[in-house]
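Peer 1: In my numbering, the protein residues as written are 114 to 255.
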Amino acid sequence: MYHVKIVESKKEHDDAFAVRKQVFVEEQGVPLHLECDAEDATATHFIMYDNYEPVGAARLRGIENDTAKIERVCILQSQRGKKLGALIMKEMEKYSVSTNKKKLKLHAQSYAIPFYEKLGYTVTSPEFMDAGIPHRAMEKTI
114 MYHVKIVESK KEHDDAFAVR KQVFVEEQGV PLHLECDAED ATATHFIMYD
164 NYEPVGAARL RGIENDTAKI ERVCILQSQR GKKLGALIMK EMEKYSVSTN
214 KKKLKLHAQS YAIPFYEKLG YTVTSPEFMD AGIPHRAMEK TI
């Protein structure tokens, strides 16, 4: 049984960072100092569990009065293809609506653009490099 929640404890925080480290640092080769940055201290973190096993994570930051930025969305490789990315995105969108956000922005790895487009996001930038990985900015009005 998969469920997504806002990180509220040290264990949940550690679980979220373990998923992020496995996906971004170990799998994609992002340096740890770029993956874990100063924004982590003020972001709202989300963790996804399969029963009690952490399988996904993401963070959300308010960047303007009515706009939030979705970052660090990741699902363990063994769990991909089960629509879990869409589940965590929908939970972040619901939370954003509850905090009076009107727009969501994100920087998508270029290969993931079709995933975000299916969720209603639109590309808003040319391709750029972040941590050595091609990205494009995207946004959605909610």
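No residue lacks a Cβ here, since even glycine has one placed at the ideal position from N, Cα and C.
#1: Leaving out five residues before and five after aspartate 150 in sequence, what residues of the same chain have Cβ atoms less than 8 angstroms from its Cβ?
#2: Compute the distance between the beta-carbons of histidine 160 and glutamate 206, then report whether it is under 8 angstroms.
#3: Are aspartate 179 and lysine 123 touching if we call contact CB-CB under 8 angstroms?
#4: For threonine 157, tell me which candidate among Arg185, Ile226, Ala199 and Thr254 has the shortest Cα-Cα distance.
#5: Please tell me whether isoleucine 188 has its Cβ less than 8 angstroms away from any Cβ of chain B.
#6: Measuring only the C-alpha atoms, how far is glutamate 140 from proline 247?
#7: Using the C-alpha atoms, what's the distance from lysine 182 back to histidine 116?
#8: Note down the Cα distance separating leucine 197 from proline 239, rounded to an integer number of angstroms.
#9: Since arginine 193 and serine 223 should fall inside the 8 angstroms C-beta cutoff, what is the C-beta to C-beta distance between them, to a whole number of angstroms?
#10: Give the straight-line distance between the Cα atoms of threonine 254 and aspartate 127, rounded to the nearest whole angstrom.
#11: Return helix, strand or coil for arginine 193, following the three-state DSSP convention.
#12: In the DSSP output, what is histidine 248 paired with across the bridge?
Peer 2: So, from the listed chains and residues:
#1: Residues of the same chain with a CB within less than 8 angstroms of the CB of aspartate 150, apart from the 5 flanking positions on each side, do not exist.
#2: Just to set this straight, residue 160 is isoleucine in the shown sequence, not histidine. When the beta-carbon positions are compared, isoleucine 160 and glutamate 206 stay at least 8 angstroms from each other.
#3: Not a contact, by the Cβ cut-off of 8 angstroms.
#4: Taking each of Arg185, Ile226, Ala199 and Thr254 in turn and checking the Cα distance to threonine 157, the smallest one comes out for Arg185.
#5: Although the question refers to chain B, the structure presented lacks it and comprises just one protein chain.
#6: Going by C-alpha positions, glutamate 140 is about 16 angstroms away from proline 247.
#7: When rounded, the separation of the alpha-carbon atoms in histidine 116 and lysine 182 is 21 angstroms.
#8: Taken atom to atom, the span from the alpha-carbon of leucine 197 to that of proline 239 is near 27 angstroms.
#9: The C-beta distance from arginine 193 to serine 223 rounds to 17 angstroms, too long to meet the 8 angstroms contact threshold.
#10: The alpha-carbon of threonine 254 is positioned some 31 angstroms away from that of aspartate 127.
#11: Arginine 193: coil per DSSP, three-state reduction.
#12: In the DSSP assignment, histidine 248 forms a beta bridge with Gln222 and Phe241.
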